[in-house]
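Structure, as structure tokens:
2 protein chains.
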Amino acid sequence: MTQRLSAERRREALAALPGWQEVAGRDAIAKTFTFADFNAAFGFMARVALVAEKLDHHPEWSNVYRTVAVTLATHDAGGVTERDVALATAMERIAAGSGG
Amino acid sequence: MTQRLSAERRREALAALPGWQEVAGRDAIAKTFTFADFNAAFGFMARVALVAEKLDHHPEWSNVYRTVAVTLATHDAGGVTERDVALATAMERIAAGSGG
């Protein structure tokens, strides 16, 4: 879970994560989610926060009104690992139920 | 509440808001809060989110593990207003009770 992904595995993972992209100049993946309003955006963040705490793996994220910009990387590994794929996958599931 | 603060009123307001600073190149105020851990940081964000929604005035903020960086400005006024001072004051009160 804490090894950096191979190029092949990363391509495969990103293909299954719509809207997620590589971050220029850094081994990380990112997506900006847009919701109906602040209520929906923060509701998404609250649900993700519980998952992140349970996984003991936390996003870098910012919120401006109804948008939430997320960057995921695994600090200990210096790049993207299966832990980031797991958190991104959970975010997709939660966003689908958050009026996103 | 939605008029930009005078220079005098802004100085007065910032003097009462420890750690808050002007943002270079923009009419806004900002502070980075540091908490004990992600639980405390997100607990702070959750409490602030409820206040922000009630005030109908929302922060620009980012969270990386136990830090929360906040920028406040009033979009409609193109700068800092009493609404920002009110939200910053609420954040100070909440942070004091969030293990910050």
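Residue numbers (this note's numbering), protein chains in the order written: chain U, 1 to 100; chain G, 101 to 200.
Every residue gets a Cβ at the ideal spot worked out from N, C-alpha and C, and that includes glycine.
For residue i, go through chain G and note every residue whose CB falls closer than 7 Å to its CB, in chain order.
| i | result |
| --- | --- |
| U/S62 | W161 and S162 |
| U/H58 | F138 and Y165 |
Which residue wins for smallest C-alpha separation from residue i, given the options the options?
| i | options | result |
| --- | --- | --- |
| U/F33 | U/L72, U/D76, U/Q3 and U/R66 | U/R66 |
| U/T2 | U/A90, U/S98 and U/D84 | U/D84 |
| G/G78 | U/D37, U/F35, U/E53 and U/A40 | Examination of residue 78 of chain G is not possible in this model, given that chain G is present from 101 through 200 alone. |
| U/R10 | U/G79, U/M45 and U/A90 | U/G79 |
| U/L14 | U/M45, U/H58, U/T89 and U/R26 | U/T89 |
| U/E22 | U/D76, U/A46, U/L5 and U/V64 | U/L5 |
| U/V70 | U/A16, U/E92 and U/F38 | U/E92 |
| U/L55 | U/A46, U/A86 and U/A77 | U/A86 |
| G/A195 | G/T174, G/A136 and G/V164 | G/A136 |
For residue i and residue j, I'd like the C-alpha separation in whole angstroms.
| i | j | result |
| --- | --- | --- |
| G/K131 | G/V151 | 17 Å |
| G/E160 | G/V148 | 12 Å |
| U/L72 | G/T181 | 34 Å |
| G/I129 | U/F38 | 21 Å |
Please state whether DSSP places residue i in a helix, a strand or coil.
| i | result |
| --- | --- |
| G/T189 | helix |
| G/L105 | coil |
| G/V180 | coil |
| G/R126 | strand |
| U/A95 | helix |
| G/A169 | strand |
So residue i contacts chain U; which residues on that side make the cut at Cβ distance below 7 Å?
| i | result |
| --- | --- |
| G/F142 | A49 |
| G/A146 | A46 |
List the residues of chain G that residue i touches, going by C-beta distances under 8 Å, in chain order.
| i | result |
| --- | --- |
| U/A88 | Chain G residues near U/A88: none, gap ~17 Å exceeds 8 Å. |
Which chain G residues are close to residue i, counting only those with a beta carbon under 9 Å from its beta carbon?
| i | result |
| --- | --- |
| U/E53 | F138, N139 and F142 |
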